[in-house]
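Enquirer:
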């Protein structure tokens with residue numbers, strides 16, 4: 001029984017040591033949207049966004065990552081520099097919740113569990129599934145999109161660019177810009193699923209973006225294991 005007990009302690013210590021490969025933390029930043037309503041500037045953060053980020057550092061050159069993101073997206077034709085949109089005067093607001101899984105590639109080998117400062121730019125891509133409000137413009141006289149059905153899920157393709165550093169030892173700070181190409185043209189209510197008639201370019205889907213800071217901590221610390229028979 002005593003040997004079994006210390007074996008469990010040793011196994012736990014080994015897991016604790018390997019747990020340094022894992023990071024858990026938060027994303028804090030801003031979001032924006034590009035589509036058939038409002039501005040056409042691709043990276044112009046204008047609404048608060050936040051999320052939870054997890055990374056598994058499988059190799060100094062790459063990591064597997066996942067995130068749960070929340071954002072409020074807005075668009076207003078009155079802020080556009082396109083004359084056709086200014087005259088139309090439509091606006092919308094949508095709430096996004098996204099689950100993301102991605103592969104992250106480090107341009108410089110990055111081993112955060114080593115006791116030395118390291119910095120690297122990185123790129124990541126994968127697959128996202130997001131939930132959004134289903135919007136529509138109920139009449140030609142109503143310029144504000146309204147929610148008309150329960151929230152709907154759809155897929156988007158993410159592409160993230162960033163830089164990160166472990167200069168705070170067990171805390172890894174990063175700056176990241178992430179673009180999502182949505183498999184939907186109705187983030188803005190311009191092309192509701194019940195109708196074949198849309199507003200603007202119905203052949204081009206919507207985009208949404210996250211820009212902000214990531215802060216993660218290494219999970220687990222190396223521990224010496226003293227085992228006895």
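In UniProt numbering, the protein residues as written are 1 to 229.
Every residue gets a Cβ at the ideal spot worked out from N, C-alpha and C, and that includes glycine.
Are the segment 143-152 and the segment 107-123 touching, with three or more C-beta to C-beta distances below 8 Å?
Expert: no
Enquirer: Which runs of the alpha helix (DSSP H) at least 4 residues long sit entirely within the segment 61-110? Give them in chain order.
Expert: Those alpha helix (DSSP H) runs which fall completely within the segment 61-110 and span 4+ residues are 83-88.
Enquirer: May I have the straight-line CA-CA distance separating residue 212 from residue 51, to the nearest angstrom?
Expert: Using only the alpha carbons, I get a separation of about 10 Å.
Enquirer: What is the rounded straight-line gap between the Cα of residue 133 and the Cα of residue 77?
Expert: 19 Å
Enquirer: What's the call for residue 115, buried or exposed, on a 16-neighbour Cβ count within 10 Å?
Expert: exposed
Enquirer: Report yes if the C-beta distance between residue 69 and residue 191 is below 9 Å; otherwise report no.
Expert: No.
Enquirer: Can you say whether residue 57 is buried or exposed, counting buried as having 16 or more other CB atoms within 10 angstroms of its CB?
Expert: buried
Enquirer: If you reduce the DSSP assignment to three classes, tell me which class residue 39 lands in.
Expert: coil
Enquirer: So residue 124 and residue 171 are in contact, right, with Cβ under 8 Å, and what is the actual spacing, rounded?
Expert: So it is not a contact: roughly 20 Å between Cβ atoms.
Enquirer: Would residue 182 pass as a contact of residue 165 if the rule is Cβ separation under 9 Å?
Expert: no
Enquirer: If you draw a straight line from the alpha carbon of residue 224 to that of residue 151, how long is it in whole angstroms?
Expert: Confidence is the limiting factor: at residue 224 the pLDDT is only 36, short of 50, which leaves the residue's position unreliable, though a coordinate-based value still follows. So the two alpha carbons sit approximately 50 Å from each other.
Enquirer: Name the DSSP beta bridge partners of residue 45, please?
Expert: Its beta-bridge partners do not exist; DSSP assigns none.
Enquirer: How close, in whole Å, do the beta carbons of residue 83 and residue 137 come, if the pair is a contact with beta carbons under 8 Å?
Expert: Rounded, the Cβ-Cβ distance is 20 Å, inconsistent with contact.
Enquirer: Does the distance from the CB of residue 64 to the CB of residue 100 come in under 9 Å?
Expert: no
Enquirer: Can you give the Cα-Cα distance for residue 107 and residue 163, rounded to whole angstroms?
Expert: 10 Å
Enquirer: Mark residue 89 as exposed unless 16 or more other C-beta atoms lie within 10 angstroms of its C-beta, in which case mark it buried.
Expert: Its Cβ having fewer than 16 others within 10 Å, residue 89 is exposed.
Enquirer: Checking 9 Å against the spacing of the C-beta atoms, do residue 25 and residue 79 come in under that value?
Expert: Cβ atoms of residue 25 and residue 79: not closer than 9 Å.
Enquirer: Express the C-alpha separation of residue 113 and residue 185 in angstroms, rounding to a whole number.
Expert: 43 Å
Enquirer: Which term fits residue 174, buried or exposed, when burial requires 16 or more other beta carbons within 10 angstroms of its beta carbon?
Expert: buried
Enquirer: Any idea what DSSP makes of residue 217, helix, strand or coil?
Expert: Annotated three-state conformation of residue 217 is strand, per DSSP.
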